[in-house]
Amino acid sequence: MDKVVASAADAVADIADGASLAVGGFGLGGVPTVLIAALHARGVTGLRVVSNNCGALDTGLAVLLAAGRVARVTGSYIGANKEFARQYLAGELDVELIPQGTLAERLRAGGCGIPAFYTPAGVGTQVAEGGLPVRYDGRGGVAAASPPKEVREFDGVPYVLEHAIRTDFALVRAARGDRHGNLVFAKSSRNFNPLAAMAGRVTVAEVEELVEPGVLDPDAVHLPGVFVRRVVALSPEEAVAKGVENRTVSADGPGRRAADGPESRATGGAS
8 MDKVVASAAD AVADIADGAS LAVGGFGLGG VPTVLIAALH ARGVTGLRVV SNNCGALDTG
68 LAVLLAAGRV ARVTGSYIGA NKEFARQYLA GELDVELIPQ GTLAERLRAG GCGIPAFYTP
128 AGVGTQVAEG GLPVRYDGRG GVAAASPPKE VREFDGVPYV LEHAIRTDFA LVRAARGDRH
188 GNLVFAKSSR NFNPLAAMAG RVTVAEVEEL VEPGVLDPDA VHLPGVFVRR VVALSPEEAV
248 AKGVENRTVS ADGPGRRAAD GPESRATGGA S
């Protein structure tokens, strides 16, 4: 039952070229940066990533993206990640854009054994009708586009069929975890991390604080250990190393934003 492994490198040692990964976090919040760094150090490539966004600034999945290790991204948000946008428009990267709530439900469905579901999100748009660019040709044209999806009416309302997502591995970050893999996530880190963990066939969690079994109140556990295969305990330095996407100051009064500059870059994610 003890799922703790010695290092992040050991935890990702069997992730091979071409693997699919569900990765938790949003912007800079709740991103498994230590596991991603260990994966980068291994040199694996051709990765197919499922995450809300593909890293922000120069951290998280942006490290793998900048190194050319990512072949496909399934997510909701490109935002201010200029390298993500460049690779997409240059035809170097396949991208499947999904409404954010649909992405969350596709991950959850994968973890719950639900093969597909109907949702009203995207009806009447290219999400349902097809034609969203999956790959550009590098010259402004579309080399591959999304196919149309099944639309069905229920009580006179149209819904689009969306398929569940399952991945080879999942990488997540938790505030607290025990040796059995039970996890507790802090604040906005709870958005995509539990869902990504559920979708992975082999889920690896880095935890800021490792506790012994029985310490966590069962009612406070956000993700039970049945979904987690490996746990990596972060060092104190790794646990507190967190970036800030959008720094603001109060110059003349509450709520006033700082002037745009290198310390006030916004990517739309949660810090």
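Per my numbering: the sequence shown ends with 278, consecutive numbering throughout. Quick reminder that beta carbons are idealized off the backbone N, C-alpha and C, glycines included.
When the beta-carbon positions are compared, D185 and L223 come within less than 8 Å of each other. Sorting A181, F176, V211 by C-alpha distance to the C-alpha of R197 places A181 at the top.
Contact between G36 and N59 is absent: CB atoms are separated by about 10 Å, not below the 8 Å threshold.
Burial is judged here by how many other beta carbons sit within 10 angstroms of a residue's own beta carbon; A248 has fewer than 16 and is exposed. Apart from sequence neighbours up to five positions away, the residues of its chain that approach T40 with a beta-carbon distance below 7 Å are T66, G67, ordered along the chain. Residue state for S196 is assigned as helix, using DSSP reduced to three classes. Rounded to the nearest whole angstrom, the CA to CA distance from T210 to V19 is 10 Å. Within 10 angstroms of the beta-carbon of G108 lie fewer than 16 other beta-carbons, which makes it exposed.
Taken through DSSP and simplified to helix, strand or coil, V70 comes out as helix. Between the alpha carbons of R55 and P106 lies a distance of about 18 Å. Under the DSSP definition of a beta bridge, E160 partners with P165.
Rounded to whole angstroms, the gap between the alpha carbons of V251 and K10 is 31 Å. Between the alpha carbons of A227 and V134 lies a gap of roughly 37 Å. Per DSSP, the beta-bridge partners of A212 are V179, V238. Inclusion of A206 and A212 in the CB contact set at 8 Å is not warranted, their separation being larger than that value. Restricting attention to beta strand (DSSP E) runs no shorter than 3 residues, the region 74-127 encloses them at 77-82, 101-104, 123-126, ordered along the chain.
Going by C-alpha positions, R113 is about 32 Å away from E219.
Under DSSP, S27 forms a beta bridge with R55. Contact between A63 and N88 holds: CB atoms are separated by about 6 Å, below the 8 Å threshold.
S257 sits exposed, since fewer than 16 C-beta atoms from the chains shown fall within 10 Å of its C-beta.
Taking the C-beta atoms as reference points, G163 is found no nearer than 8 Å to G232.
C-alpha of V149 to C-alpha of E215: approximately 43 Å in a straight line. Under the criterion of beta carbons closer than 8 Å, Y84 and Y143 do not qualify as touching, at roughly 18 Å. Boundaries of the beta strand (DSSP E) harbouring R142: 140-143, taken from the DSSP string.
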